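Residue numbers (our numbering): 173 to 343.
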């Protein structure tokens, strides 16, 4: 398990009950961290930077993105999806592709992102419901379509072709 506290990363090994501080140079900021299958860690800072860090704390890649950066999720293809204010970014290698109002993404802070193997990306926003990006275009689902609330906090795939959606008014 990886834990972030300010500019520090900690690797917690539950098996042998050890905690290892990984020295790394990232902003003293809040933001999500996402582990990659190869052992590297994506460190996203609310202030607008994304760092790819190896398990020893070496920064392998750094990308500036428009702040605030709120959420992040690793797609099945290895691309990192980062959510901000009414926009998401797909980070692949050193390239970041933005999706926003021009692609139909709704307003609101992007609280969570779920990328599926078929290329569909689900986006949970604060106040504007749920969005789905497919083939470069976004469609929107709101309370008008049956969501209990337009503030979506968490999106989870249960592995049985179902998505669980946590809102301010229920699951």
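Think of the CB as a built atom: it goes at the ideal place given N, C-alpha and C, for glycine as much as any other residue. Remember, predicted model here, so these are calculated numbers, not experimental data.
Residue 251 sits in coil when the DSSP states are folded into three classes, being neither helix nor strand.
Between residue 320 and residue 341 the beta-carbon gap is near 4 Å, inside 8 Å, which marks them as a contact. For the beta strand (DSSP E) assignment, the uninterrupted runs of no fewer than 3 residues enclosed by the segment 252 to 306 are, from N- to C-terminal side, 252 to 255, 260 to 264, 267 to 271, 282 to 287, 293 to 297 and 302 to 306.
Cα atoms of residue 210 and residue 203: separation of roughly 21 Å, rounded to the nearest angstrom. Only residues of its own chain outside the window of five on either side were considered, and among them 277, 278, 295, 310 and 312 have a CB closer than 6 Å to the CB of residue 303, listed in chain order. Judged by DSSP secondary structure, residue 314 falls outside any beta strand (DSSP E); it is assigned neither H nor E.
Assigned with DSSP and collapsed to three states, residue 207 falls in strand.
The alpha carbon of residue 215 has as its nearest neighbour, out of 190, 178 and 185, the alpha carbon of 178. With fewer than 16 other beta carbons inside 10 angstroms of its own, residue 336 counts as exposed.
Going by beta carbons, residue 280 and residue 298 fall inside the 8 Å limit.
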